[in-house]
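Below: one structure, written as structure tokens.
Number of protein chains: 2
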Amino acid sequence: MRSTKAPVKRIKSEIPDIVIGRLPVYLRTLNLLASEGREVTSSQELGEHLGISSAQIRKDLSHFGEFGKQGTGYNIPYLCKQLQKILNVDKVWSVVLVGAGSLGNAIANYNGFESRGFRISAIFDEDPQKIGNEVGTIVVESINGLAERIKELDAHIAVIAVPVQAAQRVADYLIESGIASILCYAPITLSVPANVRVEYIDPVIHFQHMTYYLG
Amino acid sequence: MRSTKAPVKRIKSEIPDIVIGRLPVYLRTLNLLASEGREVTSSQELGEHLGISSAQIRKDLSHFGEFGKQGTGYNIPYLCKQLQKILNVDKVWSVVLVGAGSLGNAIANYNGFESRGFRISAIFDEDPQKIGNEVGTIVVESINGLAERIKELDAHIAVIAVPVQAAQRVADYLIESGIASILCYAPITLSVPANVRVEYIDPVIHFQHMTYYLG
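Here the protein sequences line up with chains F and V, keeping their order.
Per this note's numbering, the first sequence runs over residues 15 to 229.
Per this note's numbering, the second sequence runs over residues 15 to 229.
Now the structure itself:
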């Protein structure tokens with residue numbers, strides 16, 4: 015499948031990654047407006063919601079086509095569908111979660127993933143006390159079966175929710191097992207090959223950004 | 015205290031917010047190197063760790079002073095201390111947490127906050143079944159006492175870990191109670207006054223950023 019995508023990939027790489035990073039935020043806001051029964055919005059309204067200039071929003075979207083008309087704005091359901099296609103979330107992706115502690119439990123019990131394109135399909139831990147436990151509707155599996163299960167589930171994305179001391183080891187194992195997209199909750203910067211994409215969730219990074227301004 | 019800070023605030027506002035957002039990431043990486051017993055690093059090494067150019071790192075840091083010498087690099091403990099001062103995390107800030115569900119529990123049980131400048135000082139919920147429960151060492155309080163407790167604790171930062179339906183209401187209440195810095199885990203864009211800073215943690219935003227490239 016990948017080889018047929020080569021021309022698209024080339025085009026994709028020309029769009030700045032920071033623009034791509036804003037598309038999910040636009041989609042979230044459009045879904046919120048849709049859930050309020052709204053049919054039409056404007057770059058001005060979106061901009062006010064998000065604290066981004068309307069010109070920036072129009073410019074970001076213009077990379078992908080013409081989604082609105084001058085004076086009439088954007089049709090919300092249509093733009094949602096287009097953004098879902100662009101972001102490849104017009105399907106549901108299997109995500110594997112490593113770490114069945116309280117954070118792993120919270121992530122697995124969150125029921126807002128599936129409507130946005132993702133499903134936690136398996137949970138792994140190395141603690142024998144946790145293996146076999148149920149987290150929501152999922153039974154915690156031994157991390158020894160990770161590689162095989164990733165193939166079975168055709169999973170391309172993993173979440174690391176283990177203590178910081180274990181995070182690099184788990185990342186190495188995930189990458190060996192064929193995962194190239196990792197969301198890491200441990201407060202560490204992982205060493206990974208250039209073809210692996212890691213994103214981080216670390217509340218302290220946000221707190222420290224805030225306290226700069228709190229002086 | 016705030017009025018004496020006016021000149022600093024003016025200088026601060028000249029430094030792009032995106033630069034400020036990178037400082038906590040530099041600090042996290044420097045602390046990691048320090049924990050490995052390292053004394054000296056370079057913008058090249060930091061850049062390789064973080065996937066940021068060494069020129070960008072030098073430029074970012076140059077907003078705040080001269081921290082390294084050509085050829086000898088950065089003294090890690092010294093640069094950590096300076097970044098802690100710049101980010102105002104050479105003290106510990108009280109943070110209030112709203113939401114005592116599984117996510118709130120995971121956040122409250124995380125023991126990596128204090129060494130980085132933060133302490134979850136109180137947890138609030140509106141569910142009578144949760145009020146009075148212990149989360150780690152903290153007893154869950156009724157949200158009715160929020161305003162008073164925020165003053166008592168001199169808290170300036172709040173975390174919202176409630177379901178999406180309750181998030182705007184909780185944010186309004188926090189803001190009325192004097193909070194102007196909010197970290198929101200609910201998948202929503204909050205409507206807040208211009209003087210209130212909100213940052214968001216939403217794993218789906220990261221997942222969708224990844225799936226764009228997974229096509």
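All residues carry an ideal CB built from backbone N, CA and C; glycine is no exception.
{"query": "DSSP three-state assignment for ALA185 of chain F, whether helix, strand or coil", "result": "helix"}
{"query": "Alpha carbon of LEU47 of chain F to alpha carbon of HIS170 of chain F, nearest angstrom", "result": "30 Å"}
{"query": "Buried or exposed (CB count within 10 angstroms, at least 16 for buried), SER129 of chain F", "result": "exposed"}
{"query": "Proximal residues to SER195 of chain F (C-beta, below 7 Å), its chain only, five neighbours per side dropped", "result": "HIS170, ILE171, ARG211"}
{"query": "Where the segment 123-153 of chain F meets chain V: residues whose CB sits under 7 Å from a CB there", "result": "ASN123, GLY126, PHE127, ARG130, GLY131, PHE132"}
{"query": "Span of the beta strand (DSSP E) around TYR88 of chain F", "result": "87-89"}
{"query": "Residue-chain proximity (VAL184 of chain V, chain F), Cβ-Cβ < 9 Å", "result": "no"}
{"query": "Opposing strand residues paired with GLY126 of chain V [DSSP bridges]", "result": "Note: GLY126 of chain V sits in no beta bridge, so no partner."}
{"query": "Buried/exposed call for ASN119 of chain V, threshold 16 Cβ in 10 Å", "result": "buried"}
{"query": "Alpha helix (DSSP H) segments (min. 4 residues) lying fully within the segment 97-125 of chain V", "result": "116-123"}
{"query": "Proximity test, Cβ basis, 9 Å: ASP216 of chain F and chain V", "result": "yes"}
{"query": "Every unbroken alpha helix (DSSP H) within the segment 134-201 of chain V, with a cutoff of 4 residues, ordered by chain", "result": "160-167, 178-190"}
{"query": "Residues that DSSP places opposite ARG211 of chain F in a beta bridge", "result": "F:SER195"}
{"query": "Interface residues of chain V facing GLU211 of chain F [CB-CB closer than 8 Å]", "result": "In the sequence as displayed, the identity of residue 211 of chain F is Arg instead of Glu. What ARG211 of chain F touches in chain V: MET224, TYR227."}
{"query": "Buried or exposed by the 16-neighbour rule on C-beta atoms within 10 Å, applied to LYS144 of chain F", "result": "buried"}
{"query": "Whole runs of the alpha helix (DSSP H) within the segment 22-64 of chain F, excluding any shorter than 4 residues", "result": "31-49, 57-64"}
{"query": "CB contact below 9 Å: PHE221 of chain F versus chain V", "result": "yes"}
{"query": "DSSP beta-bridge partners of LYS83 of chain V", "result": "V:GLY87"}
{"query": "Where ILE89 of chain V meets chain F, residues with beta-carbon distance less than 9 Å", "result": "Contrary to the premise, residue 89 of chain V reads as Asn rather than Ile in this sequence. What ASN89 of chain V touches in chain F: nothing, since even the nearest Cβ is about 20 Å away."}
{"query": "Proximity winner among F:PRO142, F:TYR92, F:VAL110, F:GLY115, relative to PHE127 of chain F (alpha-carbon distances)", "result": "F:VAL110"}
{"query": "Min CB distance LYS19 of chain F to chain V below 9 Å", "result": "Its pLDDT being 37, under 50, LYS19 of chain F is placed unreliably by the model, and the measurement read from it follows with that caveat. Yes, its Cβ sits closer than 9 Å to a Cβ of chain V."}
{"query": "Integer-rounded CB distance, given that TYR92 of chain V should sit under 8 Å from SER56 of chain V", "result": "At roughly 14 Å, the Cβ-Cβ gap does not stay under 8 Å, so SER56 of chain V and TYR92 of chain V are not in contact."}
{"query": "Cβ-based contacts, 8 Å cut-off: residues of the segment 44-75 of chain F near chain V", "result": "LEU46, HIS63, LEU64"}
{"query": "Within 9 Å, strictly: CB atoms of LEU37 of chain F and HIS220 of chain V", "result": "no"}
{"query": "ARG42 of chain V classed as buried or exposed, judged by whether at least 16 other C-beta atoms fall within 10 angstroms", "result": "buried"}
{"query": "Beta-carbon proximity of VAL176 of chain V to GLY113 of chain V, cut-off 9 Å", "result": "yes"}
{"query": "Where TYR227 of chain V sits in the DSSP three-state scheme", "result": "helix"}
{"query": "Contacting residues, own chain, Cβ-Cβ under 8 Å from ILE157 of chain V (five flanking each side not counted)", "result": "VAL112, PHE138, ASP139, GLU140, VAL184, TYR187"}
{"query": "Exposure of VAL218 of chain F, with buried meaning 16 or more beta-carbon neighbours within 10 Å", "result": "buried"}
{"query": "Proximity test, Cβ basis, 9 Å: GLU28 of chain F and chain V", "result": "no"}
{"query": "Check whether VAL154 of chain F and ILE121 of chain F have beta carbons under 9 Å apart", "result": "no"}
{"query": "The alpha helix (DSSP H) enclosing ILE66 of chain F, as first and last residue numbers", "result": "Careful: ILE66 of chain F lies outside any alpha helix (DSSP H) and carries neither H nor E."}
{"query": "Interface flag, ILE202 of chain F vs chain V, CB-CB below 9 Å", "result": "yes"}
{"query": "Nonlocal neighbours in the same chain, by C-beta distance under 7 Å from ILE34 of chain F, ignoring five residues either side", "result": "none"}
{"query": "Per-residue DSSP class, three states only, for PHE78 of chain F", "result": "coil"}
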